[in-house]
Amino acid sequence: MKAFTMIYFRRQHVGKWFGQASEIEELRAENQRLKEQVATLEARLRAAYADAGVAALAGSSFPSPEAAVPQASVPAFPAGAPNPTTASFPELSAAELQMIAEGRVLNAIKAYRDRTGVDLKTAKAAIDAAR
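Residue numbers (this note's numbering): 1 to 131.
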């Protein structure tokens, strides 16, 4: 009787791995779909910047998603004038901008809070303004 119990548990354990394999494949498919969506959105953004006359992002030199450091967007305000959406927030660091570009918004908020010492609401507003 004990041998049958062991076989039962082994079969249950193997079934668990097959379930995880299908879940992993679903996640891979979703990841690929999201990468394609990002590429489409980047192309649309390039076209919008080209239509608006912003030359910095209109060319084919737009960074790929695998780029190490994201490019900051060109502000639509005159030189020297503060951006009203982020005027009350300290500058974001390159690491925080990278986290935002990778979609790790919560990590960016935490890093911003740790660096500046602001409260959660202010940090979230600063990160959201940069998105």
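Where is the CB? At the ideal position from N, CA and C, for every residue including glycine.
In the three-state reduction of the DSSP assignment, Asp119 falls in the coil class.
With a cutoff of 8 Å on beta-carbon distance, Ala108 and Glu96 are scored as near each other. In terms of Cα proximity to Ala101, the closest of Arg28, Ala130, Asn31 is Ala130. Val38 sits in a helix when the DSSP states are folded into three classes. Ala94 sits away from Tyr112, with the two beta carbons spaced by 8 Å or more. With a 10 Å radius around the Cβ and a threshold of 16 neighbouring Cβ atoms, Ile127 comes out buried.
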